[in-house]
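Asker:
Residue numbers (our numbering), protein chains in the order written: chain A, 6 to 391; chain B, 6 to 391; chain C, 6 to 391; chain D, 6 to 391.
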């Protein structure tokens, strides 16, 4: 599927989630018979999702709430939770910054150093609630801090950067050797993000139980503008699923492909699975919950990069309780509520019982936006299930 | 026409009505010589259309009016007409709900149970007027209620869900066996919606006289967002027409392909036929009539799903009398009035005499929206016919 | 270049003017050396254009003005000029109709019958000025009125409908036989519109000196909505040019391909030529002149169809004197002024000397609107010519 | 990659910067290890960029400032700086023109003749500061004025027009022979713009050290509207890079491919390099600096063409100090600040060390605008570098 961009330069045509749609099969199925569970190392999650390690999405209380709903929330160990004794006023401040001062203001907030005691404290807070306890560190800092987190009871370690590779080159310091590092750990590790067959395969070979897929997956995302880098998510997931199959052949080991970024609706989650994902990592939809620490705002770790900020503080509003967003019942009809009820109904409507089966669903290339705002929406949809 | 979405995952490129245009043939023809009729079981309709079984579109009075204009209106037997003695105040309430409370409000309205006496009464009201009497039930409820409707004089039964298959799987109950059910009935049955060759072929084999084609055909439709599911209509219709040809070879029986959803203009209807449709089911264009029960609003059966509402209440306005919309003369020029005058003129301009001939018209892929709002519209169009 | 729309239904991918761009060749050339002339039967026009036979574009005075600028204006013999002794007040009324009453109002204006004496009078008015005198009739009425026009001095007859074919079928009347009709005439005839290789070839074989190419060429044009019919202009022109080459092989006779509709800028004209056009018929750009009879409004003959109006009254404004629009100098930079200075500069920049040479220019498929309103426009363009 | 536009007319599908995205490789790298330098004849520039020779972008002070930041500013020798003793009030006037009078007003400003003494004076002002001194002339005037500029100390001569070729044809005058002219010069020459393999190859053979690539690269640019001409930038750059490789084979000489136009962000610069560029020429991003002579406005040389103005005066605002735009640190996150920090980070994230290596980066066709304004932006981007 290479196209010629110019003489001697070709590239693959890539597709985002909005470019595709799922096609029903010959069968339909009862929603009650659907199994959406995710096996993450020794842990079986009822719902196939991780909450993004972002300061507006996860604090210890949210990590606990998400665990109780059947997923796992990932705490960012390099954010406000580990830089401030009491993150509340800091989060208030971020939410109250005027739009044109948000980037500078967030840059200032994150100049406060990370404190080791807070790493231990935050992990312990989640652990105490009895849910699967997960947290993230960047490749640059993971060696410095991971031991503290493990000692405090961490169950799953996430090593995460905008783009991560199994082969970082540096003239000035010894880079992290992911193969060796993961082999020596006694907790399951999730690594990412990445967005290609080869990088995913290399990361899978490190021994990780899951790989985060997504580099600028939102087509309009800032990484695309600032760095020119990005891989549309449907293509990235299918490529990663091919790497997973290859690893399976090589080693017999199954590694989870986790779609990270650009997900807004239950339909998006269904499409991720149909492209090969085992699970999704979601940020913005959770940031919209009443319980989210972001107070209706959402931002990422690169927002406060001191020299080259990427990403932005987005006002997402406070739309509904977390439970309505994750498990419903929904009182809105745009797909942003009851995300996993949507996944369940999508699987039932298409006739698939498990996530593995649904990964084989037929998809079509059918751009969603060609007629945006033009079609008088047709709403005659008579429910099959209930 | 498979394109590679990613390694190991391919999909067909699919096309919607807005992606295509009809190409005139070498001949032109007088509009007076055009035959648009539809044979639906024993009934011959002058115009090839069904009114959608939606509460804002069809009540008994509208079913009668549509029948007199040459089509057939399908009454929804699970909506307000069979839940309320006097649906008027309920329809008033739905029309008066503020936008942000519409979904919840409609969810409430539909919690009232369906009454068997009202099923009989509504069917009898239409029958009494002497027009073809048609009504719809979902697969979940058709066995419970169809007998009442038949006894009250029903001529055509429509079995309809968002996505319907001839093979529903359930671990908990015995699903409806469409083959057996339809074989035992003594009225013609129309079933749908579906959107693929195989499902359409299976549904055609059940003995139905028509299959409704359309799953989220409006590109921006809610099913796409909530479930990730959808097949653009031009592709879905061509696939269904191929299934019709296959059934013809297998059995010698002809089954009507009925385009359901996403139709706004006479041009859309012409394109549906050019892609293989024998008829169209239309909702929103009729909801815009002065006589429509929706009072300028339009919504579907899934709008009030208690846990996962899909679809939405759309304000379509009250644009013109039903007759102007269906048969003209039009006093607007955007294609939304005199829908079947538009179909007639399209067939004449392209030189085709019958619906069967027009199904073979040449089409081009020529996206309508690339230049939306940009071209200074050229209006020099000198009529051929009159 | 067929693409599969669905099983058993394929269509060509078609391209509009906005989808393509001209690629400069290895050479550049002085603008002074360019020859843009058009041979239309016995008449040599300095500029390759016809003014559209529309009531807001051409009245006798405009036909004279256009003739003096080097083109030819085509008078509509079935419009206000031949229905009213004094069209002035009628044109004032059309321009003053409120937007929501325009279609109905124009429908009323055109209920006045055509008068034979006015046909003679209007043609004679243009003829008296000594310019090439051209006027249009529809296929339905040409036999009734053409003799009056010829006797009054008509030089070029244009036979024009939305879609015209060389083979019209009717059960009720004897249709016009274009082959015989044109053979018997002693003035050159231009016919159209059409939009395909076969129809263009048939029309060329009738003996016409020019064929009008364009059926709903503006992507968003009303014919597309009302009838579903349309062929994007770049594809239509290339197909017609192929028919011209075929006719040349068959008969040695050269027939002009005239792009009709959807042209806004000098760049559009250049693209029409690069796709194979010998000339263009332009309406809206001329309707924007201070001298245009439309008083800043523009509408077509189908706008007032009594049952199925297509097209619309468009407010185009009164932008500049006709001469500035046609020959410049321009005081605006959007390409809508000095249209043929733009064509000249385009030919010079690309290194071509004549229209025939420029028809072979390289073009690229490069959609114009993908980045509409997004790119900070780059304006560093240093003129080559002057 | 030819597509058929119509029978007998084909064209290549071309791609702009917004159509593509860079794909990370298997490796990542430290930003500190990146080398972005450009060798321009005898001069080594730390940053690979030229400031556009436009009056709102470069005056002598800006040329000096850009030189000190590591690039080179190109002074326009046919603009206000060489027509007016004191350009300040003239630039004030241009900035204060109301929008609807801007084109006419700028046409007037540039009717003042070019003065030879001012050419010498402006070049000398830049030279005195000790930075690389570059200036531009059009092909029409370069023979008349270049000697003055060289004598005043010019280091690099830029010969620039909208479209330039090595073979200009004229019936009335002897055109500039670029081969001979450049061979006789003792300073390095940059020529352009051009946008095809053959023209680029011919211009490279003249002996130039760099070729400017870009003809209407902004998709919506005025040249496209006025002349119908344009080549999307990604395709133009790849083609030019192929010409560079061919010249290398022929002569062993390396000529710089310089992307000119349509660049807004660091990501755009990265994409230019990934398509084959050695450097970029940027105008609008610099015009947005507080120090720019345009006072928040930006316009080009063709804006004031007396008969056929192309391009327009754009209000770009005064966004930040020049240093923040070029080298950061950025306080905005949309990619328009710290342009070369963005290029550095992009190269590091993708694992490439030099510009030559980065030219081989994998790219994908992944249109940026399909989801414009729709995706809830994901901002979780954890920096790799710092």
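A virtual CB, placed ideally from N, CA and C, is assigned to each residue, including glycine.
Excluding sequence positions up to five away, which residues of its chain have a Cβ less than 8 Å from the Cβ of residue 15 of chain A?
Answerer: Taking the first residue of the first chain as position 1, residue 15 of chain A is located at position 10. Closer than 8 Å at the Cβ level, and outside the excluded window around residue 15 of chain A, lie 7, 8, 9.
Asker: According to DSSP, is residue 207 of chain B part of a helix, a strand, or is it coil?
Answerer: Taking the second chain and counting its residues from 1, the one referred to as residue 207 of chain B is at position 202. Correct three-state label for residue 207 of chain B: helix.
Asker: Using the beta-carbon count (16 or more within 10 Å), is residue 103 of chain D buried or exposed?
Answerer: For the purposes of this step, residue 103 of chain D is taken as residue 98 along the fourth chain, with counting starting at 1. Residue 103 of chain D is exposed by the Cβ-count criterion.
Asker: In whole angstroms, what separates the C-alpha of residue 69 of chain B from that of residue 279 of chain B?
Answerer: Looking up residue 69 of chain B in the second chain gives position 64. Looking up residue 279 of chain B in the second chain gives position 274. Spanning the two alpha carbons is a distance of roughly 29 Å.
Asker: Between the segment 28-39 of chain B and the segment 77-93 of chain B, do at least 3 Cβ pairs fall closer than 8 Å?
Answerer: Because the criterion of three Cβ pairs below 8 Å is not met, the segment 28-39 of chain B and the segment 77-93 of chain B do not touch.
Asker: Just the Cα atoms here: how many angstroms apart are residue 168 of chain A and residue 152 of chain A?
Answerer: In the first chain, counting from the first residue as 1, residue 168 of chain A sits at position 163. In the first chain, counting from the first residue as 1, residue 152 of chain A sits at position 147. Straight-line Cα distance between these residues: approximately 24 Å.
Asker: Do residue 236 of chain B and residue 58 of chain B have their C-beta atoms closer together than 8 Å?
Answerer: On the second chain, residue 236 of chain B is found 231 positions in, with the first residue counted as 1. On the second chain, residue 58 of chain B is found 53 positions in, with the first residue counted as 1. No, the Cβ-Cβ distance between residue 236 of chain B and residue 58 of chain B is not below 8 Å.
Asker: Going by DSSP in three states, residue 42 of chain A sits in which element: helix, strand or coil?
Answerer: Residue numbering aside, residue 42 of chain A sits at position 37 when the first chain is read from its first letter. Here residue 42 of chain A sits in coil by DSSP.
Asker: Just tell me which of C/37, C/21, C/44 has its CA closest to the CA of residue 215 of chain C.
Answerer: What you label residue 215 of chain C is simply residue 210 of the third chain in a count that begins at 1. Minimum Cα distance to residue 215 of chain C is reached at C/44.
Asker: Along chain B, which residues have their Cβ under 7 Å away from the Cβ of residue 334 of chain A?
Answerer: Position 329 of the first chain, counted from the start, is the residue given in the question as residue 334 of chain A. Neighbours of residue 334 of chain A on chain B, chain order: 311, 312.
Asker: When the Cα atoms are used, what is the spatial distance from residue 178 of chain D to residue 119 of chain D?
Answerer: Stepping through the fourth chain from its first residue, residue 178 of chain D is reached at position 173. Stepping through the fourth chain from its first residue, residue 119 of chain D is reached at position 114. Taking the straight line joining both Cα atoms gives about 21 Å.
Asker: With a threshold of 8 Å between beta-carbons, can residue 356 of chain B be considered close to chain C, or not?
Answerer: For the purposes of this step, residue 356 of chain B is identified with residue 351 of the second chain, where counting begins at 1. Closer than 8 Å: yes.
Asker: Specify the secondary structure class of residue 244 of chain D as computed by DSSP and reduced to three states.
Answerer: Looking up residue 244 of chain D in the fourth chain gives position 239. The answer is helix: DSSP assigns residue 244 of chain D an H, G or I state.
Asker: Using beta-carbon positions only, say whether residue 326 of chain B and residue 295 of chain B come within less than 8 Å of one another.
Answerer: By 1-based counting over the second chain, the position of residue 326 of chain B is 321. By 1-based counting over the second chain, the position of residue 295 of chain B is 290. Yes.
Asker: Which ranges does the beta strand (DSSP E) cover as unbroken runs of at least 3 residues, wholly within the segment 248-335 of chain A, from first to last along the chain?
Answerer: Taking only runs of at least 3 residues, the beta strand (DSSP E) segments lying wholly in the segment 248-335 of chain A are 261-265, 284-287.
Asker: Classify residue 190 of chain C: buried if its beta carbon has 16 or more other beta carbons within 10 angstroms, exposed otherwise.
Answerer: As a position in the third chain, residue 190 of chain C is number 185, starting the count at 1. Residue 190 of chain C should be labelled exposed.
Asker: Report the neighbours of residue 202 of chain A on chain B: residues whose CB is nearer than 7 Å to its CB, in chain order.
Answerer: Residue numbering aside, residue 202 of chain A sits at position 197 when the first chain is read from its first letter. What residue 202 of chain A touches in chain B: 12.
Asker: Can you find a C-beta in chain D that's less than 8 Å from the C-beta of residue 6 of chain C?
Answerer: Here the question's residue 6 of chain C lines up with position 1 in the third chain. So, interface residue.
Asker: Return helix, strand or coil for residue 72 of chain B, following the three-state DSSP convention.
Answerer: As a first step, residue 72 of chain B must be located in the second chain, where it is residue number 67. If DSSP states are grouped into helix, strand and coil, residue 72 of chain B belongs with the helices.
Asker: Establish whether the CB of residue 25 of chain C and some CB of chain D are separated by less than 8 Å.
Answerer: To locate residue 25 of chain C, count along the third chain from 1; it is residue 20. For residue 25 of chain C, the answer is yes, since a Cβ of chain D falls inside 8 Å of its Cβ.
Asker: Comparing alpha-carbon positions, which option in B/290, B/117, B/274, B/17 lies nearest residue 86 of chain B?
Answerer: One-based indexing of the second chain puts residue 86 of chain B at position 81. Checking every option, the nearest Cα to that of residue 86 of chain B belongs to B/117.
Asker: Figure out for me which residue from C/129, C/80, C/207 has the closest Cα to the Cα of residue 139 of chain C.
Answerer: In the third chain, counting from the first residue as 1, residue 139 of chain C sits at position 134. The shortest Cα separation from residue 139 of chain C among C/129, C/80, C/207 belongs to C/80.
Asker: Measure the C-alpha to C-alpha separation of residue 3 of chain B and residue 338 of chain B and round it to an integer number of angstroms.
Answerer: Nothing about residue 3 of chain B can be reported from this structure: the residues present for chain B run from 6 to 391 only.
Asker: Nearest CA to the CA of residue 302 of chain D: which residue from D/260, D/99, D/359?
Answerer: Numbered from 1 along the fourth chain, position 297 holds the residue referred to as residue 302 of chain D. The shortest Cα separation from residue 302 of chain D among D/260, D/99, D/359 belongs to D/99.
Asker: Hey, is residue 301 of chain C's beta-carbon within less than 8 Å of any beta-carbon in chain B?
Answerer: Here residue 301 of chain C refers to the residue found at position 296 of the third chain. Chain B contact via Cβ: absent.
Asker: Residues in its own chain within less than 8 Å of residue 154 of chain A by CB, not counting five upstream and five downstream?
Answerer: For the purposes of this step, residue 154 of chain A is taken as residue 149 along the first chain, with counting starting at 1. So the list reads 82, 124, 125, 128, 140, 142, 162, once near-sequence residues are dropped.
Asker: How about residue 238 of chain A and residue 267 of chain A: are their beta carbons less than 8 Å apart?
Answerer: What you label residue 238 of chain A is simply residue 233 of the first chain in a count that begins at 1. What you label residue 267 of chain A is simply residue 262 of the first chain in a count that begins at 1. Yes, the Cβ-Cβ distance between residue 238 of chain A and residue 267 of chain A is below 8 Å.
Asker: Could you check where the alpha helix (DSSP H) with residue 6 of chain D kicks off and where it finishes?
Answerer: By 1-based counting over the fourth chain, the position of residue 6 of chain D is 1. Looking at the DSSP string, residue 6 of chain D is not in any alpha helix (DSSP H), and its letter there is neither H nor E.
Asker: Would you identify the three-state DSSP class for residue 149 of chain B, choosing helix, strand or coil?
Answerer: Counted from its first residue, the second chain places residue 149 of chain B at position 144. Three-state DSSP puts residue 149 of chain B in a helix.
Asker: Give the DSSP-derived three-state secondary structure of residue 371 of chain D in the structure shown.
Answerer: Locating residue 371 of chain D in the fourth chain gives position 366, where the first residue counts as 1. In the structure shown, residue 371 of chain D sits in coil (DSSP, three-state: anything other than H, G, I, E or B).
Asker: Rounded to the nearest angstrom, how far is the Cβ of residue 160 of chain A from that of residue 205 of chain A, given a contact under 8 Å?
Answerer: Taking the first residue of the first chain as position 1, residue 160 of chain A is located at position 155. Taking the first residue of the first chain as position 1, residue 205 of chain A is located at position 200. Residue 160 of chain A to residue 205 of chain A, Cβ: 24 Å. No contact.
Asker: Pick out whichever of B/219, B/134, B/333, B/323 has its Cα sitting closest to the Cα of residue 277 of chain B.
Answerer: Position 272 of the second chain, counted from the start, is the residue given in the question as residue 277 of chain B. Nearest C-alpha to residue 277 of chain B: B/219.
Asker: Just mark residue 77 of chain A as buried or exposed, buried being the case when its beta carbon has 16 or more other beta carbons within 10 Å.
Answerer: Position 72 of the first chain, counting from 1, holds the residue named residue 77 of chain A. Buried is the call here.
Asker: Can you tell me whether residue 169 of chain C sits near the ligand NAP, meaning its C-beta is under 7 Å from at least one heavy atom of the ligand?
Answerer: Ligands are entirely absent from the displayed structure, and the ligand NAP is therefore not among its contents.
Asker: To the nearest angstrom, report how far apart residue 371 of chain C and residue 345 of chain C are at their CA atoms.
Answerer: Your numbering for residue 371 of chain C matches position 366 in the third chain. Your numbering for residue 345 of chain C matches position 340 in the third chain. If you take the alpha carbons of residue 371 of chain C and residue 345 of chain C, they lie about 23 Å apart.
Asker: For chain C, check one thing: does any of its Cβ atoms lie closer than 8 Å to the Cβ of residue 191 of chain B?
Answerer: Taking the second chain and counting its residues from 1, one reaches residue 191 of chain B at position 186. No - not a single Cβ of chain C is within 8 Å of the one on residue 191 of chain B.
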